[in-house]
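Heads up, the thing below is written out as structure tokens.
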Amino acid sequence: MQSSATTTQGTTLPSIISPVQRPLRLTDALEYLVAVKKHTRPEIYKRFLDILGDFRSQACDIPATVQRVSRLFRRHPHLIQGFNIFVPFEYSIDVPKIVKESRL
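Numbers in the working numbering are just positions in the sequence shown, counted from 1, shifted up by 160.
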């Protein structure tokens with residue numbers, strides 16, 4: 161059974177995963193990519209894919225990737241929250257902090 165959560169924007173994102181819950185699946189990543197594409201402009205989606213490509217090619221590490229994604233999605237807290245399930249807990253993005261900073 162796949163667990164998911166619906167955001168206030170009506171997007172279904174995989175639910176927050178803890179170590180005692182099921183491992184992430186490829187479908188979780190694909191659902192997240194669909195949500196990003198649906199809720200951002202094409203150039204933002206392309207930049208997100210570029211960030212993932214840089215991480216995959218080891219051009220940037222986890223902290224740099226998290227920082228870039230948090231800046232890119234600063235006006236999309238639901239996407240940041242969804243992204244958090246793919247990064248180790250210690251690198252989770254503080255969504256309220258990002259939202260507060262984006263209003264400054």
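The C-beta atom is built at its ideal place from N, Cα and C for all residues, glycine as well.
Per DSSP, the continuous alpha helix (DSSP H) segment holding GLN241 begins and ends at 237 to 244. Looking at ALA219, GLU261, LEU212, the one whose alpha-carbon comes closest to that of PHE246 is LEU212.
LEU184 is not a Cβ neighbour of PHE208, given a cutoff of 9 Å. Distance from the CA of ARG182 to the CA of ASP188, rounded to the nearest whole angstrom, comes to 11 Å.
Nearest Cα to ILE222 within the set LEU186, ILE253, LYS260, ILE258: ILE253. DSSP places LEU184 outside both helix and strand once states are collapsed to three, so it counts as coil.
C-alpha of GLN218 to C-alpha of LYS260: approximately 30 Å in a straight line.
Annotation: PRO248 to HIS199 spans about 24 Å, alpha carbon to alpha carbon. Short of 7 Å from the beta carbon of TYR251, and not among the five residues preceding or following it, lie these beta carbons of its own chain, in chain order: ILE222, PRO223, VAL226.
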